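Engineer: Got a structure for you, written out below as C-alpha cells; questions coming shortly.
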Amino acid sequence: QQQVKQSPQSLIVQKGGISIINCAYENTAFDYFPWYQQFPGKGPALLIAIRPDVSEKKEGRFTISFNKSAKQFSLHIMDSQPGDSATYFCAALGGSNYKLTFGKGTLLTVNP
Amino acid sequence: KAGVTQTPRYLIKTRGQQVTLSCSPISGHRSVSWYQQTPGQGLQFLFEYFSETQRNKGNFPGRFSGRQFSNSRSEMNVSTLELGDSALYLCASSFGDGDRYGYTFGSGTRLTVV
C-alpha cells in the first residue's frame, strides 16, 4: 500500500516557468511533510517542509501548499531554472514511528 | 560542519556474499536511519537507530540488519546477497528527539550484486 502518492512522474518546464508537483497521503497520523531534492550521484537534500497547522510555506522560489482536508500537498517552483533540474521527492512522517515515507519521485527538467 | 559520511561509495559483490556498509552521522546527531533506493521501488525505509537501540524497522527480510555504536556511527549488514539487493543505500541522521524532523542524508553507497 503506497501511503504517499506523487505526480507527475516527470515534468518538463521552460526556464522562467512554474513547476508544480503534487502529493497525496492516506495516513492522518502524518504531521510533517518535507520535500527533498536529489541530484544524480547525491543523496536527497531537504528543500522545504511544512506541518499541517499551516496552509502554505514559502522559501525563496519554493512554496509548499497544504490542504489538510483533502490530504494533499504540493510543491511550486517559481521562475524555474536549469539548475533546478533534479528529482524531487515528497515525504511524510508522523505517528509513533521515526521513518520517512516517500513518494515515488518526479524528474524535473528545466529547458534553457 | 561535516555532513553525513557513508563508506564505501561503491561496492561490487557476488551473489551469496555478505556486505557491511558504514555511516557516520553529523556530530551531535543520535539517530541514524537507513533507506534503500531503487528505480522501481523508490526510497524504502530499512531501520532506524537511536542511542544504540533499534526503534523502528521496515519490511525487509532478516538478511538486512544493522547496529549503532556508542559514538552514534552505524553499520548495516546484508547477508547472502541477492541480485535484487543492488541499490543505492542511503543513511540519514537527525537529533532523534525533540527536533526529530531534521533528517540529513549522506551521498549513499552504491551496491552492485553480480
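The listed protein sequences derive, respectively, from chains A and B.
Be aware that the first sequence starts at 1, since it is given in the working numbering, and climbs by one per residue.
Be aware that the second sequence starts at 1001, since it is given in the working numbering, and climbs by one per residue.
Ideal Cβ placement from N, Cα and C applies to all residues, glycine included.
A quick note: this is a predicted structure, and the numbers were derived from the prediction, not measured.
Out of A:Y98, A:N97, A:C90 and A:T109, which one is the CA nearest neighbour of P44 (chain A)?
Structural biologist: Closest option to P44 (chain A), Cα to Cα, is A:C90.
Engineer: Given a cut-off of 7 Å, decide if L1043 (chain B) and Y1089 (chain B) are closer than it, judged by their beta-carbon atoms.
Structural biologist: No.
Engineer: For T101 (chain A) versus V4 (chain A), is the C-beta spacing smaller than 7 Å?
Structural biologist: Their beta carbons are under 7 Å apart, which means T101 (chain A) touches V4 (chain A) by this criterion.
Engineer: Are the C-beta of F1060 (chain B) and some C-beta of chain A separated by less than 7 Å?
Structural biologist: Not one chain A Cβ lies under 7 Å of F1060 (chain B).
Engineer: If you check the beta carbons only, do G1106 (chain B) and Q1006 (chain B) fall under 7 Å apart?
Structural biologist: Yes, the Cβ-Cβ distance between G1106 (chain B) and Q1006 (chain B) is below 7 Å.
Engineer: Using a Cβ-Cβ cut-off of 7 Å (strictly less than) and excluding sequence neighbours within five positions of K68 (chain A), which residues of its own chain qualify?
Structural biologist: For K68 (chain A), where only same-chain residues beyond five positions count, the Cβ hits under 7 Å are P52.
Engineer: Strictly by DSSP, which residues pair up with T1080 (chain B)?
Structural biologist: According to DSSP, which records beta bridges pairwise, T1080 (chain B) is partnered with nothing at all.
Engineer: Comparing alpha-carbon positions, which option in B:G1084, B:Q1054, B:D1097 and B:S1094 lies nearest M1076 (chain B)?
Structural biologist: It is B:Q1054.
Engineer: Less than 7 Å separating the beta-carbons of Y98 (chain A) and N1056 (chain B)?
Structural biologist: Yes.
Engineer: In terms of DSSP beta bridges, what is Y94 (chain A) paired with?
Structural biologist: One point to set straight first is that residue 94 (chain A) is Gly, not Tyr, in the sequence displayed. Per DSSP, A:F30.
Engineer: In this structure, does DSSP put G1102 (chain B) in helix, strand or coil?
Structural biologist: Correct three-state label for G1102 (chain B): coil.
Engineer: Quick check: the Cα distance between V1004 (chain B) and G17 (chain A), rounded to an integer number of angstroms?
Structural biologist: Each residue's Cα considered, the two are about 34 Å apart.
Engineer: Do you know offhand how far N22 (chain A)'s Cα is from G103 (chain A)'s?
Structural biologist: Going by the C-alpha atoms only, they are around 10 Å apart.
Engineer: Indicate whether at least one CB of chain A lies closer than 7 Å to the CB of L1043 (chain B).
Structural biologist: By this cut-off, L1043 (chain B) is an interface position.
Engineer: Jot down the residue ranges of each uninterrupted beta strand (DSSP E) in the stretch 1005-1066 of chain B, minimum 3 residues, whole runs only, in chain order.
Structural biologist: Counting whole runs of 3 or more residues, the stretch 1005-1066 of chain B contains the beta strand (DSSP E) stretches 1005-1007, 1010-1013, 1019-1024, 1031-1038, 1042-1050 and 1053-1057.
Engineer: Please name the residue in A:D31, A:Q72, A:P112 and A:E26 whose C-alpha comes closest to that of I20 (chain A).
Structural biologist: Of A:D31, A:Q72, A:P112 and A:E26, the residue nearest in Cα terms is A:Q72.
Engineer: Quick check on Q1068 (chain B): buried or exposed, where buried means 16 or more other Cβ atoms within 10 Å of its Cβ?
Structural biologist: Answer is buried; the Cβ neighbour count reaches 16.
Engineer: Establish whether the CB of F73 (chain A) and some CB of chain B are separated by less than 7 Å.
Structural biologist: F73 (chain A) does not count as touching chain B.
Engineer: Measure from the C-beta of R1067 (chain B) to each C-beta in chain E and report whether the shortest distance is under 7 Å.
Structural biologist: Included in the structure are the protein chains A and B, with no chain E among them.
Engineer: F1050 (chain B): buried (16+ other C-beta within 10 angstroms of its C-beta) or exposed?
Structural biologist: F1050 (chain B) comes out buried.
Engineer: May I ask you to list the residues that DSSP assigns as paired with F66 (chain A)?
Structural biologist: Note: F66 (chain A) sits in a beta bridge opposite A:F73.
Engineer: Assuming contact is defined by CB atoms lying nearer than 7 Å, are I50 (chain A) and F66 (chain A) in contact in what I supplied?
Structural biologist: Cβ atoms of I50 (chain A) and F66 (chain A): closer than 7 Å.
Engineer: Please list, in chain order, the chain A residues whose beta carbon lies closer than 8 Å to that of S1033 (chain B).
Structural biologist: Result: Y98, K99 and L100.
Engineer: Using a Cβ-Cβ cut-off of 7 Å, state whether R1073 (chain B) counts as contacting chain A.
Structural biologist: For R1073 (chain B), the answer is no, since every Cβ of chain A falls outside 7 Å of its Cβ.
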